[in-house]
């Protein structure tokens with residue numbers, strides 16, 4: 286009887302030891318996982334999209350002017366080329382006919398704020414008010430489902446990105462800057478476009494400051510199409526991977 290009792294106690298001690306080790310191991314694993322949860326749940330700061338996949342996007346900013354926008358729009362229509370226009374709402378409310386033409390021909394429209402001002406020099410609430418005013422104008426012009434934003438002067442910071450994110454707007458930058466507003470010559474503008482590759486977002490202007498853009502636009506369209514199918518920004522960023530920039 287003593288032998289069986291001793292054997293039973295030995296097995297019991299081993300079992301208790303095994304349970305204890307398992308228990309403390311479980312606690313250790315739980316603690317490690319629990320402590321690491323905030324790392325995985327930490328929200329990434331909003332970023333600016335500057336490149337997409339499967340296509341090339343022509344984008345035009347319009348902040349002011351009465352002549353060049355109509356010419357550029359007509360050239361795009363004639364060549365059946367897709368494009369995305371970022372409109373200052375103050376310009377849009379003065380040119381409802383051109384806005385309607387953009388909509389009728391299914392061009393994509395994004396926000397360029399209301400006033401043509403530098404958002405990085407403004408307080409948060411001022412930026413928000415400017416965007417809300419722009420959205421109200423767009424609503425009156427029946428421009429619906431506007432999800433894209435570009436800062437009026439192209440300058441932005443993390444604060445601008447956060448406000449855009451809070452307002453469910455996707456901030457769109459660019460990967461190819463033609464500098465067409467400087468009027469460097471049509472050959473220089475075209476040389477910039479020739480650098481484009483699949484996924485690029487090309488930045489141009491349809492304001493009156495860009496005096497050479499429309500003249501070279503047919504060649505820009507042709508060159509861009511050789512790099513990839515012309516698409517809107519929304520199509521470009523929904524086709525696959527996007528590249529973003531984190532702004533400090």
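Residue numbers (the numbering used here): 286 to 533.
Yeah, the Cβ is synthetic: ideal placement off N, Cα and C, and Gly gets one too.
Return the first residue and the last residue of the beta strand (DSSP E) that residue 336 is part of.
333 to 336
According to DSSP, is residue 517 part of a helix, a strand, or is it coil?
coil
When we look at the beta-carbon of residue 513 and count the other beta-carbons within 10 Å, is it buried (16 or more) or exposed?
buried
With DSSP as the reference, please indicate the residues paired to residue 444 in a beta bridge.
BP columns for residue 444 are empty, so no partner.
Note the first and the last residue of the continuous beta strand (DSSP E) segment covering residue 415.
Where residue 415 is concerned, there is no enclosing beta strand (DSSP E), although the alpha helix (DSSP H) it sits in stretches over 409 to 425.
Cut-off 6 angstroms between Cβ atoms - residues of its own chain near residue 361, not counting five sequence neighbours on either side:
368
Near residue 508, which residues of its chain fall below 8 angstroms by C-beta distance, leaving aside the five closest residues on each side in sequence?
475, 478, 479 and 481
I need the straight-line Cα distance from residue 460 to residue 488, nearest angstrom please.
8 angstroms
7 angstroms Cβ cutoff met for residue 234 and residue 340:
Because residue 234 is not part of the residues shown, which for the chain are 286 to 533, the question remains open.
Local Cβ density within 10 Å of residue 499, reported as buried at 16 or more and exposed below that:
buried
Along the chain, where does the alpha helix (DSSP H) containing residue 565 start, and where does it finish?
Past the edges of the chain, shown from 286 to 533, lies residue 565, and the structure says nothing about it.
Go to residue 343, then tell me how far its beta strand (DSSP E) extends in each direction, as first and last residue.
341 to 347
With DSSP run on the structure shown, which of helix, strand or coil describes residue 471?
helix
CA-CA distance, residue 448 and residue 334?
15 angstroms
Check the C-beta distance from residue 522 over to residue 348 and give it rounded, since I have them as a contact under 8 angstroms.
Wrong, their Cβ atoms sit about 23 angstroms apart, outside the cutoff.
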